[in-house]
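Each residue of the sequence shown is one higher than the one before, starting from 55 at the first, in the numbering used here.
Take a look at the structure set out below.
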Amino acid sequence: MTPEDILKHPARVLTQAQRECYFEHGYVGVESIVPKDVLAELQAVTADFLDKSRHETESGNVFDVGPGHSAANPVLRRLKSPDEQSDAYWQFSTGLMADVAADLVGPNVTFHHSKLNFKWYDESDTVKWHQDIQFFPHTNYNVLTIGCYLEDTDMINGPLAVLKGSHNEPLYDQYDSDGNWTGMLSDEDAAGVDQSRVAYLTGPAGSITIHNARTLHFSPSSKSPVPRPLLLNCYTSSDAKPYTAHPMPTRNTYKIVRGEQVRWADHDPRPCQLPPDWSGGYTSIYAAQSGEDKAAPKGMM
Numbered sequence: 055m056t057p058e059d060i061l062k063h064p065a066r067v068l069t070q071a072q073r074e075c076y077f078e079h080g081y082v083g084v085e086s087i088v089p090k091d092v093l094a095e096l097q098a099v100t101a102d103f104l105d106k107s108r109h110e111t112e113s114g115n116v117f118d119v120g121p122g123h124s125a126a127n128p129v130l131r132r133l134k135s136p137d138e139q140s141d142a143y144w145q146f147s148t149g150l151m152a153d154v155a156a157d158l159v160g161p162n163v164t165f166h167h168s169k170l171n172f173k174w175y176d177e178s179d180t181v182k183w184h185q186d187i188q189f190f191p192h193t194n195y196n197v198l199t200i201g202c203y204l205e206d207t208d209m210i211n212g213p214l215a216v217l218k219g220s221h222n223e224p225l226y227d228q229y230d231s232d233g234n235w236t237g238m239l240s241d242e243d244a245a246g247v248d249q250s251r252v253a254y255l256t257g258p259a260g261s262i263t264i265h266n267a268r269t270l271h272f273s274p275s276s277k278s279p280v281p282r283p284l285l286l287n288c289y290t291s292s293d294a295k296p297y298t299a300h301p302m303p304t305r306n307t308y309k310i311v312r313g314e315q316v317r318w319a320d321h322d323p324r325p326c327q328l329p330p331d332w333s334g335g336y337t338s339i340y341a342a343q344s345g346e347d348k349a350a351p352k353g354m355m
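Written out as structure tokens, the structure reads:
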């Protein structure tokens, strides 16, 4: 569906101005949209998982931990697939966030994946400039991610930053010169990013960020000792079909969360770079960007 077609459908949650902002700039932020009781439940569940991570010594199927992680000083980078770890997360994915997604991808919405990323007061927690769609290319670009700040987020604790209008520009190469997948821009490409177009999306707990899968984005390192959790849910229009294996499928992958399944795929003529073969599994963007994931395959599907 085109933006014009999507905008013809009545809004469920967002204002028309917010929807138009998303289509024009490739992102939109909405402050304090999550009800307080829902937010409190998510915060409590997240605190419990953070505590459980203290018992882990290395990254696994549930937790991605950073260097120096210990029981006394947990360095939890990511809770993997929260939709499968707690019903509270899944209910959130299929509730308000699914309505937000429908306002921007159309009435038929497919759930793709979720993750819960943390900032942990370390220079290495920077998520470098990248675009999402090269990780999981689809037949069209009605693919987006909605982030929910579970704690107040400002310039001190590493907010999401986006490049205005980059969703309508060519995609970047996210392999290095030797053909290794890095999941980020090269240093040369990153140095060329127009800083005057960068928007930092801050807000109190319960605020959301929404960015298109083509939108260039990053997040700076946190300067706060208090972890900053960002709960992310990715959705697609149901007429956007994946070209490649899902990086980390769960029992909820590709479920229809609004509307119905469609019988025709829609194809955008703009090309998209293909990622490595994810059929053997995926670690995290942190591991890819830091070079930790040395076993990652180099070939493409």
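Virtual Cβ for every residue (Gly too), placed ideally from N, Cα, C.
Look at the Cβ atom of residue i, then the Cβ atom of residue j, and state whether they are nearer than 8 Å.
i    : j    : result
N266 : H221 : yes
P191 : T298 : yes
V67  : D157 : yes
E314 : N194 : no
E138 : R305 : yes
T207 : T256 : yes
Look at the alpha carbon of residue i and the alpha carbon of residue j, and state the distance between them as a whole number of angstroms.
i    : j    : result
D59  : D322 : 15 Å
S261 : P283 : 12 Å
T20  : P64  : It is not possible to answer for residue 20, since the shown part of the chain is limited to 55 through 355.
K106 : Q145 : 21 Å
Y289 : Y308 : 9 Å
S240 : L285 : 27 Å
A350 : E112 : The predicted position of A350 is uncertain, since its pLDDT is 41 and thus under 50; a value taken from the coordinates is nonetheless stated next. About 17 Å.
M238 : R317 : 34 Å
S278 : S86  : 21 Å
S273 : I264 : 14 Å
V88  : Y143 : 13 Å
T236 : V181 : 12 Å
D232 : Q72  : 41 Å
A98  : K90  : 12 Å
D102 : P325 : 42 Å
A245 : Q327 : 21 Å
D118 : I310 : 28 Å
Go through its chain and collect everything with a Cβ distance to residue i's Cβ below 8 Å, but skip five positions before and after it.
i    : result
K218 : H79, G80, Y81, R251, V252 and A253
M55  : V159, G160, N196, S291, D293 and D320
T100 : L133, L170, L204, P283 and L285
K62  : none
D153 : R66, V67 and R312
What residue from the options has the CA that sits closest to residue i's CA?
i    : options                   : result
P136 : V116, A125 and P121       : V116
E110 : N287, L130 and D227       : L130
P303 : M55, S275, P57 and H167   : H167
P281 : C288, D91, L93 and L104   : L104
P224 : L270, N211, L61 and T193  : L270
S276 : V163, M209, Q139 and I187 : M209
L93  : D243, G233, C202 and D227 : C202
N356 : V88, F165, I264 and P258  : Because the chain in this structure spans residues 55 to 355, residue 356 falls outside the shown range and cannot be described.
A126 : R108, Y143, S140 and G114 : R108
D186 : Q315, G246 and P329       : P329
P296 : F165, N287 and D243       : F165
V84  : V247, A245, L214 and G334 : L214
D227 : F189, L255 and D248       : F189
W183 : E242, F77, N287 and G122  : E242
G120 : D179, R324, S231 and G246 : D179
F77  : P57, R324, Y175 and K90   : P57
V216 : V247, N234 and S231       : V247
Could you pull out every residue in the same chain whose Cβ sits closer than 6 Å to the Cβ of residue i, ignoring the five residues on either side in sequence?
i    : result
C75  : V82
L150 : none
W174 : V129 and P281
Y229 : W235
A155 : V163 and Y289
G122 : V129
So, at 7 Å on beta carbons, what are the nonlocal neighbours of residue i in its own chain, with the 5 sequence-adjacent residues on each side left out?
i    : result
S333 : A299
P301 : F189, F190, W332 and Y336
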